[in-house]
Amino acid sequence: MASVDDIFKHSGVSSKRKLDPIRDPNEIYKSAKITSDGSSRHARVDEDGDEDMEAGPAPPLADDEDFGPELPPDDDEGRFFGGGITKQESEILDYVDEADAGRAPEKIDAAWLRKTALNFEKRISKNAELRAKFEDDPQKFISSEADLDSDIKGLSLLSEHPELYPEFVKTGCVASLVSLLAHENTDIAIDAIEIMGELTDEDVSAEDEQWNGLVDAMMDADLLGLLVSNFSRLNEDDESDRNGIYHALGVIENLCSRQSVAERVGEDEKLLQWLLQRIQRQEKTVTQNKQYAAEILAILAQMAVANRTKLIGLDAVDLLLQLVAPYRRRDPDKGGDEEEYMENIFASLTCLADEAAGKTKFIDAEGVELCLIMLKEGKKSKPPALRLINHAAGGNSGVEVCQKLVDAGGLKGLFTLFMKTQDHRLAEHLVEIFASMLRLLPANSAERIRTLAKFVEKDYEKISKLIKFRRDYIARLSLAEQQNEAEKAATSQDDREAAELEWLSRRIDAGLFTLQTIDTVLAWLVAEDTGAARKIKQVLAERDEKVSVIGRTLKEQLEGLDTTEENQDLRDMLSTLVEFVQ
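Encoded structure:
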């Protein structure tokens, strides 16, 4: 008995999405969006012909050969040069064209949708009935499967008419479409996944209410559970299945564009486990699906605290550190999937290290030591490793990470990098790390004393570098403030409230937060070391400045803090520091 797959391979109708081999791979994958009219599915014409026939002109006939019947008369109507049709045939074609031109295009409205939905449900029912009735004779249901496949693809028109999404939900078709992910024929399931990706794509001009209603209906129909079940049954060695997994990941990415849905996605432990397993799979080169799985993890980790907590509980921190460890001494290929894969692994780690439980896991898995090696020996891994340390050391629960940085011999590497780097992004992370250490390391502890000593050594060279760095940001902020002042003069009082946010945003972009962090470090040094205080006053005096300029920055930061309990420690710290830099 022939299998269903064999019949599909040899039948004239193919339900499997074929990818044209000469197409640009970018058209297949994410870097180019699939248009709503289904541009990923190309019609293909097979040219029939005798392969044994020789090319070129026919050999000449022998002199005694029969030349056949008499030649037709001269071509008065220009058949050869006129396209190969007679005048009468041309008139017939013109008549048909005129009839087609007079036919109005089908109107895509609620009536069309109800009709389409009814036919779609009938296709599903008929296919299910024939499959059950002729389970051992695929020839009896193959035609209904091809019809169903065609109707699935026809739903892509809806992505051009998102105003019909609410009606689409009312018809119950959304649940039916999702149910096809469990279809016995994986080609049907893959096409359903692809259509759902098109309907939920960010490029669809749907209103929030329209998009939310559609996605809620999909989620209520167990979309996530069915996607995960397809991950386990699709074989990535097969090109069509591999593309199916890619499209399924695309659907998940689309869902995560709304935080509440991203949290629901993060609750699915089976999905998280599959993603963690997928990014570990050994491959000669990092494939796009492996990279995409890493990207989905990074998105989930970024979107919600609950997601981060769930991932930390699955030992994701240790696993992710193992995956980035090879990059301490080697770089991924520039611009390839592996480079993006590495960046996404680091992004997930950085989000997890923001949580108190993540910091503990980070220390236990020797994440501090690994990052310090990367700062010393890494190239492309150096910036994300430094950013990771910054997040791990930050916050009220970062004290153990700060202590570990000192105990692991990290001070030398951090301060050496600070003195050498010309990259403002690296310097910003370093200053934030210094601020965290001065804020969190216990008073009179060995770790704090060693940290302060680094600022004092070599004639306070780090302090000179800090103030130089400060002046760079003062210059940037001055330009932003000049632009703000010019706009304020031309802005009416009624429009000021909205404009204030834009003006603040411009100052933040110019480096306001970094300036505040630099001045926090300088204020700590003034408060804790008389030699450092003297040096700071001396360098500031070179431009007729006093330590009170530092105080003004801290006062502004203090005034901008809300009165929540979370910020109380920071408020207390800033209030104390301001007293030393009046």
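Residues in the sequence shown are numbered from 1 upward in steps of one, following this note's numbering.
No residue lacks a Cβ here, since even glycine has one placed at the ideal position from N, Cα and C.
If contact is defined by three or more beta carbon pairs under 8 Å, each pair taking one atom from either stretch, is the stretch 522-531 in contact with the stretch 450-461? Counting Cβ pairs under 8 Å, three or more are found: they touch.
Grab me the residues of Arg571's own chain with a C-beta within less than 6 Å of its C-beta, minus the 5 sequence neighbours each way, in chain order. Residues of the same chain with a CB within less than 6 Å of the CB of Arg571, apart from the 5 flanking positions on each side, are Leu561 in chain order.
Is the stretch 473-491 close to the stretch 553-567, with three or more CB pairs under 8 Å? Contact fails between the stretch 473-491 and the stretch 553-567, because fewer than three Cβ pairs, one in each stretch, are under 8 Å apart.
Limits of the unbroken alpha helix (DSSP H) element including Cys371: First-last of the alpha helix (DSSP H) with Cys371: Gly367 to Glu377.
Flag this pair as touching only if the stretch 464-477 and the stretch 511-523 have three or more C-beta atom pairs under 8 Å; answer yes or no. The stretch 464-477 is in contact with the stretch 511-523.
Cα separation between Glu447 and Asp509? Cα to Cα, the separation comes out at about 34 Å.
For Thr350 and Asp423, what's the separation of their Cα atoms in angstroms? Those two C-alpha atoms are separated by around 20 Å.
Is it true that the CB of Ser176 sits closer than 8 Å to the CB of Glu121? Against a cut-off of 8 Å, the Cβ pair of Ser176 and Glu121 comes out as a contact.
Using the Cβ count rule (16 or more neighbours within 10 Å means buried), how would you classify Gln291? Looking at its Cβ environment, which holds 16 or more other Cβ atoms inside 10 Å, Gln291 is buried.
Please go through the same chain and pick out, in chain order, the residues whose beta-carbon is closer than 7 Å to the beta-carbon of Ser593, but skip the five residues on each side of it. This structure cannot speak to residue 593, because the chain is shown only from 1 to 582.
Proximity of Leu271 and Val215 at Cβ, strictly below 8 Å: Not in contact: Leu271 and Val215 (Cβ atoms no closer than 8 Å).
Measure the C-alpha to C-alpha separation of Asp76 and Ser90 and round it to an integer number of angstroms. Caution applies to Asp76, whose pLDDT of 48 falls short of 50 and renders its modelled position unreliable; the model cannot decide the point.
Write down every uninterrupted run of the alpha helix (DSSP H) in the stretch 468-519 whose length is 4 residues or greater and which is fully enclosed by it, in chain order. Those alpha helix (DSSP H) runs which fall completely within the stretch 468-519 and span 4+ residues are 496-510.
According to DSSP, simplified to helix, strand and coil, what is Leu545? Looking at the sequence itself, residue 545 is Glu, so the reference to Leu does not match. In the structure shown, Glu545 sits in coil (DSSP, three-state: anything other than H, G, I, E or B).
Pick from Phe231, Glu339, Ser156 and Pro384 that is closest to Ile108, judged by C-alpha positions: In terms of Cα proximity to Ile108, the closest of Phe231, Glu339, Ser156 and Pro384 is Ser156.
Nearest-angstrom Cβ-Cβ length linking Glu263 and Asn307, presumed shorter than 8 Å: That belief holds up - the Cβ atoms of Glu263 and Asn307 are roughly 7 Å apart, short of 8 Å.
Spatial neighbours of Ala182 within its chain, please: CB distance less than 8 Å, with the 5 preceding and 5 following residues excluded, ordered by chain position. Result list for Ala182: Ala189, Leu226 and Ser229, in chain order.
Quick one: is Ala305 buried, meaning 16 or more other Cβ sit within 10 Å of its Cβ, or exposed? Note on residue identity: the sequence assigns Val, not Ala, to residue 305. That one is exposed.
Which whole-angstrom value describes the C-beta separation of Pro384 and Glu343, a residue pair presumed to lie in contact below a C-beta threshold of 8 Å? About 6 Å separates the CB atoms of Pro384 and Glu343; that is less than 8 Å, so the two are in contact.
Identify whether Ala128 lies in helix, strand or coil by the three-state DSSP scheme. In the structure shown, Ala128 falls within a helical segment according to DSSP collapsed to helix, strand and coil.
Inter-residue Cα distance where the pair is Gln582 and Ser548: Counting only the Cα atoms, Ser548 lies some 5 Å from Gln582.
Just the Cα atoms here: how many angstroms apart are Gly172 and Lys115? So the alpha carbons of these two residues sit roughly 13 Å apart.
Starting from the C-beta of Leu388, find all residues in its chain whose C-beta is less than 7 Å away, skip the five residues before and the five after it, and write them out in chain order. The answer, listed in chain order, is Phe346, Leu349, Thr350, Ala353 and Cys371.
Near the ligand COA: Ile245 beta-carbon under 7 Å from a heavy atom: As far as ligands go, the structure on display features none, and thus does not contain the ligand COA.
Pick from Ile373, Leu118, Leu319 and Gln210 that is closest to Arg330, judged by C-alpha positions: Each of Ile373, Leu118, Leu319 and Gln210 was checked against the Cα of Arg330, and the nearest Cα belongs to Ile373.
Taking the C-alpha atoms as reference points, what is the distance between Val408 and Phe418? What sits at residue 408 in the sequence shown is Ala, not Val. So the two alpha carbons sit approximately 18 Å from each other.
Alpha carbon to alpha carbon, how far is Ile193 from Leu255? Give it in angstroms, no decimals. When rounded, the distance between both Cα atoms is 13 Å.
Reduced DSSP secondary structure (H/G/I, E/B, other) of Ser150: In the structure shown, Ser150 falls within a helical segment according to DSSP collapsed to helix, strand and coil.
Using a 10 Å radius around the Cβ and a threshold of 16 neighbouring Cβ atoms, would you call Arg439 buried or exposed? With 16 or more neighbouring CB atoms inside 10 Å of its own CB, Arg439 falls in the buried class.
In or out: Leu276 buried (at least 16 other Cβ within 10 Å) or exposed? Its Cβ being crowded by 16 or more others within 10 Å, Leu276 is buried.
Would you check if there are 3 or more beta carbon pairs closer than 8 Å linking the stretch 195-202 to the stretch 142-151? In short, these stretches do not touch, since the Cβ pair count stays below three.
In whole angstroms, what separates the C-alpha of Leu574 from that of Lys379? About 36 Å.
With 16 other Cβ atoms within 10 Å as the buried cut-off, status of Leu501: By the 10 Å Cβ count, Leu501 comes out exposed.
Local Cβ density within 10 Å of Asp187, reported as buried at 16 or more and exposed below that: Answer is buried; the Cβ neighbour count reaches 16.
Drop a sphere of 10 angstroms on the beta-carbon of Thr416, count the other beta-carbons inside from all chains shown, and report buried for 16 or more, exposed for fewer. In this structure Thr416 is exposed. Its beta-carbon is surrounded by fewer than 16 other beta-carbon atoms within 10 angstroms.
Since Asp337 contacts Val286 with CB under 8 Å, what's their CB separation in whole angstroms? The C-beta distance from Asp337 to Val286 rounds to 5 Å, short enough to fall under 8 Å.
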